[in-house]
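Reading through the structure tokens given below for one structure.
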Amino acid sequence: MRLLVPRPARGGGRPAGFPRRGRSLRWSPAWICCWALAGCQAAWAGDLPSASSRPLPPCQEKDYHFEYTECDSSGSRWRVAIPNSAVDCSGLPDPVRGKECTFSCASGEYLEMKNQVCSKCGEGTYSLGSGIKFDEWDELPAGFSNIATFMDTVVGPSDSRPDGCNNSSWIPRGNYIESNRDDCTVSLIYAVHLKKSGYVFFEYQYVDNNIFFEFFIQNDQCQEMDTTTDKWVKLTDNGEWGSHSVMLKSGTNILYWRTTGILMGSKAVKPVLVKNITIEGVAYTSECFPCKPGTFSNKPGSFSCQICPRNTYSEKGAKECIRCKEDSQFSEEGSSECMERPPCTTKDYFQIHTPCDEEGKTQIMYKWIEPKICREDLTDAIRLPPSGEKKDCPPCNPGFYNNGSSSCHPCPPGTFSDGTKECRPCPAGTEPALGFEYKWWNVLPGNMKTSCFNVGNSKCEGMNGWEVAGDHIQSGAGGSDNDYLILNLHIPGFKPPTSMTGATGSELGRITFVFETLCSADCVLYFMVDINRKSTNVVESWGGTKEKQAYTHVIFKNATFTFTWAFQRTNQGQDNRRFINDMVKIYSITATNAVDGVASSCRACALGSEQSGSSCVPCPPGHYIEKETNQCKECPPDTYLSIHQVYGKEACIPCGPGSKSTQDHSVCYSDCFFYHEKENQSLHYDFSNLSSVGSFMNGPSFTSKGTKYFHFFNISLCGHEGKKMALCTNNITDFTIKEIVAGSDDYTNLVGAFVCQSTIIPSESKGFRAALSSQSIILADTFLGVTVETTLQNINIKEDMFPVPPSQIPDVHFFYKSSTTTTSCINGRSTAVKMRCNPTKPGAGVISVPSKCPAGTCDGCAFYFLWESAEACPLCTEHDFHEIEGACKRGFQETLYVWNEPKWCIKGISLPEKKLSTCETVDFWLKVGAGVGAFTAVLLVALTCYFWKKNQKLEYKYSKLVMTTNSKECELPAADSCAIMEGEDNEEEVVYSNKQSLLGKLKSLATKEKEDHFESVQLKSSRSPNI
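Read in order, the letters of the sequence shown correspond to residues -45 to -1, 1 to 982 in mature numbering (1 follows the signal peptide of the UniProt record, and there is no 0).
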């Protein structure tokens, strides 16, 4: 009867932790019983042929192999025989009790399963004992997998959706594996089952913080095994391999190497490289691993294989390396085959200059690039040009002199030289201006060194990365086009001139170099800085061909600096040389105020007050050197001392508008108070409540694949004695937290300024637990001034940049600049903050950016912000309120004061208290006036009626008199009285007078209209003597 036994899957389907045959399988005793029972039932049912109908040959050792079952609860297991595939045999060995579950062999040994004893590995093989090692990356090893995801939710074109990451993966590169370069999230995953506690160890290269690199471990339930483990991997220096190890627990461990690129611009990111992954704790190995091609093992019991030297090769499992035919073939270290030597071309040699001889001559020499792999004896090969041509040596560099020998020597302390003359002492009242100025390159200076390295091979180890060439130093040939050619300058420290020793917060020195690049491919020049030998950080980089230009880096602290220039012709590794003529040339390197520097000139210094010829003494902070006396004198108020020279009063530079200087005259700053005269009205502003750091986050913005990110700005507007209170950090790695806790002032991921910017990746954007901050840059580190004008020192705020203000209160503008220059901002960056009064936005208010430039800038160099707040309104004055008088009540009147509406001021003066004054009531005089008016009206009516009636009587009598006189004119003598009948009394006596009385005048006025119809006749009494 043939027993069919399940076998573990091979290749990628092999159970975790079993990359080779012979690993422990999860076969429990219950499984063995089930197999036996199933076989018996099949035989009884006639499904399997009986032994009598089809006899099977007995099993031999080659027909099966041994494996262990899964450990039971007591920690024991069984060794069982498993038939090989496509083998029909009978008589398999019976299961026997196996070694304990925690048993393992030592390094260089394997477990011989037949006898269950440890045996040494043979020649050409190696063993880690209880470990696994992955050092071959020609293809993705069995058990590894790639998973590419895009964590953002994107709505847009198809190439911006998550399926755009299908082509992103980790790429095997032979000796190492390389991460993706895009903004996809790609995980390299390996699952392993450990029988006992162990560890994982790997080497890596991680130099670009635009890629997030994390390593973490999960169990078979997709839960992180240890949340306290360092998740973020530390950055490494360029070209250096770092190492990372994490302890593993027994059981299933799923290892994740995960990278996520953050592409914010056009500059390509540098991928993460990983090699030599070692996992310890798999309990045992039942076989030794053969040495990979290019390596060998010539001793039994080896735990590793050695690399074949140059011009040798080996195949897989080699005991020794085989030499190539050196006259026609060659090979690099670790080669699996020999290659034919090509004919020599112009790309196989380079030119150097020898040191100066006693005659002051240098020779031009031509040398083959080592190791030489080309052949000169082929028909189309070129010959090495003749060497030995002599040329005059360039002069010594400034600060050095030639004492008649073939080399230059530094000038002694206290002396100076321009390089062409002997060293001379500095005159009295001056001191040497220490530093380095390298502009002649006959030999490499003593504080500089050069090297070459390659991440994938060792071809250029020991080569000079750079070569001197008279008036410049240029990149060397290297061994491959993707080599890093390194030039280092070491300076132990910087210090200011003696007269400025006491100054604080000022520039200590600067390094300036002039260079050009000549490239036909994607070459890159990196300029890097290392502070106190802790970590090298890229300050600036230039890609492609660049014209001759200068770059300056400013030093603000006294520390040990190593400046590095690294040049790479291309980042793609190739066997043949295509870009050997691509190069970079550096014409000069100048470092000022170097501690161990030499002097090319002298500068004035302050002398002691007691002895005119005494040595130089440091001036107190904020003091300049007076030309007439060479004594220290304090700068005038509201001026700051120049960082480049302190001789003469012109060294004190006036502060900008609306600013004042610190007590030591080191910088100018705003004390948050501003005064402006407008239309005969004084406006006083107090921004003290806005002196704390203001923050603004714009966006969101999206990368080409849709990754969401924000730009986060911190603004330190004024106050704090000119200290830069705005801080921006990079929290990508765990290294950040450790450095801040340790209080390291060398931490380069923390920047302080008046205005700074960080790129924020929200936690939900990439599936991280917290928001990530990266790419922190300084936008402003120098305060220029504050004014209502829209232009200051070539910084202009256009009128259409922000909405028109709703009031006539002028906006106040704060102007800043950054001293750091970049390839795109050759004059540095600038920042303008427009402060606008807005009573509807109390407290810190609201910060915004121009609508046309949502990132705060339209060109990446000039940044503009609008800060609206009630705290930006001027202080209140007597022009901002008016008075309201109340009614007079009981002899008293109130006067109230209220603010003008809308109110465009804050703080300042307060409203006056209400005023109470005496007054006479209006009701009394109103009544008096009404009474007098009523009486006068009644009187006038009465008089009018009286005179009207009187006039009627007179008119009647007059008419009667006239009629009587006309009828009896000649008949009778005149009577003594008129028309008095008998019996009537003479009731009235009429008296005629030419003069009218007061009543007559009133009557005349009342009867004025009627007088025109009657003739006036003056009548005289009959008793008049004239009748």
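Beta carbons are placed, not taken as given, at the ideal position from N, Cα and C, and that holds for glycine.
Check: Residues sharing a beta bridge with Thr301, DSSP; Outcome: DSSP output for Thr301 lists no bridge partner at all.
Check: Run of the beta strand (DSSP E) containing Asp485, from where it starts to where it stops; Outcome: Val479 to Ile486
Check: Stretch-stretch touch, CB-based, cutoff 8 Å, three pairs: the segment 546 to 559 with the segment 480 to 497; Outcome: no
Check: Whole-angstrom C-beta distance between Ile802 and Phe651, which should lie under 8 Å; Outcome: 4 Å
Check: Residue closest to Lys582, alpha-carbon to alpha-carbon, out of Pro575, Ala817 and Val601; Outcome: Val601
Check: Continuous beta strand (DSSP E) stretch holding Cys351: start and end; Outcome: No beta strand (DSSP E) holds Cys351; DSSP gives it neither H nor E.
Check: Contiguous beta strand (DSSP E) assignments of at least 3 residues, all confined to the segment 225 to 283; Outcome: 228 to 235
Check: Where Thr491 falls: helix, strand or coil (DSSP); Outcome: strand
Check: The segment 522 to 533 contacting the segment 484 to 491, beta-carbon criterion three pairs below 8 Å; Outcome: no
Check: Segment contact flag, the segment 408 to 419 with the segment 574 to 594, C-beta cutoff 8 Å, min 3 pairs; Outcome: no
Check: Gln318 vs Lys274 beta-carbon contact at 8 Å; Outcome: no
Check: DSSP beta-bridge partners of Pro365; Outcome: Phe355
Check: Beta-carbon spacing of His768, Thr737 below 8 Å; Outcome: no
Check: Counterpart residues of Asp641 in DSSP-defined beta bridges; Outcome: Phe628
Check: Beta-bridge partners of Lys870, as assigned by DSSP; Outcome: Thr850
Check: Identified DSSP bridge partners for Ile172; Outcome: Leu210
Check: Given residue 1047 as reference, the closest of Pro717, Gly603 and Gln636 once Cα atoms are compared; Outcome: Absent from the structure is residue 1047, since the part of the chain shown begins at -45 and ends at 982.
Check: Three or more C-beta pairs below 8 Å linking the segment 73 to 93 and the segment 252 to 260; Outcome: yes
Check: Cβ separation of Ile209 and Ile172, assumed to be a contact under 8 Å, to the nearest whole Å; Outcome: 7 Å
Check: Counterpart residues of Phe511 in DSSP-defined beta bridges; Outcome: According to DSSP, which records beta bridges pairwise, Phe511 is partnered with nothing at all.
Check: Residues of its chain near Ser774, where Cβ-Cβ distance is below 7 Å and the 5 sequence neighbours each way are ignored; Outcome: Val509, Asp736, Thr737 and Gly783
Check: Buried versus exposed, by CB contacts within 10 Å (16 or more), Gln907; Outcome: exposed
Check: Close beta carbons around Ser372, own chain, < 6 Å, minus the five adjacent residues each side; Outcome: Tyr356, Cys366 and Cys378
Check: Paired residues, beta bridge with Leu440 - DSSP; Outcome: Cys407 and Phe522
Check: Proximity winner among Phe305, Ile217, Thr233 and Glu295, relative to Pro226 (alpha-carbon distances); Outcome: Ile217
Check: C-beta contact flag for Val229 and Phe157 at 8 Å; Outcome: yes
Check: Residue environment, Pro452, which counts as buried when at least 16 other CB atoms sit within 10 Å; Outcome: buried
Check: C-alpha distance - Val494 paired with Asp835, whole-angstrom precision; Outcome: 53 Å
Check: Close Cβ partners of Gln973 (< 6 Å) along its chain, the five nearest in sequence each way excluded; Outcome: Bear in mind that a pLDDT of 49 at Gln973, under 50, signals an unreliable position, so the number given afterwards is only what the model happens to contain. Cβ within range, chain order: n/a, list empty.
Check: Nearest-angstrom beta carbon gap, Tyr595 and Val622 [assumed within contact, 8 Å]; Outcome: 6 Å
Check: Three-state class that DSSP yields for Cys590 in the structure shown; Outcome: coil
Check: Ala(-1) classed as buried or exposed, judged by whether at least 16 other C-beta atoms fall within 10 angstroms; Outcome: With a pLDDT of only 41 at Ala(-1), under the threshold of 50, the placement of this residue in the model should not be trusted, and no figure is reported.
Check: Host beta strand (DSSP E) of Glu292 (start-end); Outcome: Note, Glu292: premise wrong, no beta strand (DSSP E); not H, not E.
Check: Min CB distance Thr214 to chain C below 8 Å; Outcome: In the structure shown, chain C cannot be found, because there is only a single protein chain.
Check: Residues of its chain near Glu292, where Cβ-Cβ distance is below 6 Å and the 5 sequence neighbours each way are ignored; Outcome: Tyr268
Check: Contact under 8 Å by Cβ, Leu442 with Met403; Outcome: yes
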